[in-house]
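The next block holds one structure in the form of structure tokens; read it before the comments.
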Amino acid sequence: MFKNLTKIFIFHLLIILSFSNVFSDEKLISDLKKGQKIIFIRHAIAPGSGDPENFNLNDCNTQRNLDYRGIEQSKKIGLFFIKNDIPIDIVLSSEWCRCKDTAKFAFQNFKTFDALNSFFSPKFQKNKQRQIIELSKYLNNWQSEKNLILVTHYVVILEKLNKAVSSGEIVVVDKNLNLIGSIKEY
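The working numbering numbers the first residue of the sequence shown as 27 and each following residue consecutively.
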């Protein structure tokens, strides 16, 4: 009998938890529809970590790139914004191919912004301080009734928001970079 009660309790707990996720997503979507949010998106699935030694910014063949899962994940991210009628001011992307491809498959139109580039590799760590300052200035000056989307890398999001993120994770903050919520089901 105790075993059956435990199973029933666990079943009900799982139902409650699944509904709380739905409600938190609905709240986040409602906040996004109001606009004026900054949305950080880590690039979609690109197997591996870092970049190859022969990395060349102008040659995608020398970079880690999205695989078929990353392409599908990017498309789903875009559909999330379309399906929920979320207003977008501008989409900015790192110059790395995996970020540009995420932005392209999700939103079609985007501009590159070098302050969103990765500084994970020792080759690019010298740019970190300049990039963070440049990104901070841009965010401080950004004004719109719509939302700003930034497609970038783990290290940039960690540095700006102190939040570890998964590939394709959407992180929503206000103008003061206070965390509103995140979605990582994609």
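Here a beta-carbon is modelled for each residue, glycine too, at the ideal position from N, C-alpha and C. Just so we're clear, the structure is a prediction, and the values are computed from it rather than from any experiment.
- Runs of the beta strand (DSSP E) spanning 3 or more residues and lying entirely within the stretch 116-154 do not occur at all.
- Residues L187, K189, V197, V198, V199 of the same chain have their beta carbon placed closer than 8 Å to that of L205, with the five preceding and five following residues left out of the count.
- Apart from sequence neighbours up to five positions away, the residues of its chain that approach A129 with a beta-carbon distance below 7 Å are V117, S119, F136, V177, ordered along the chain.
- For the pair L142 and C125, the CB atoms are nearer than the 9 Å cut-off.
- Counting other Cβ atoms within 10 Å of its Cβ, K163 stays below 16 and is therefore classed as exposed.
- Looking at the DSSP output, N82 shares a beta bridge with D85.
- The C-beta separation of F66 from I183 comes to about 5 Å, placing the pair in contact by the 8 Å criterion.
- For L92, the secondary structure class from DSSP, reduced to helix, strand or coil, is coil.
- Distance from the CA atom of S170 to the CA atom of G61, rounded to whole angstroms, is 8 Å.
- Restricting attention to L203, R68, R95, S147, the CA atom closest to the CA of W168 is found in L203.
- As the crow flies, the alpha-carbon of K154 is around 13 Å from that of Y180.
- For P148 and N82, the gap between their C-alpha atoms comes out near 14 Å.
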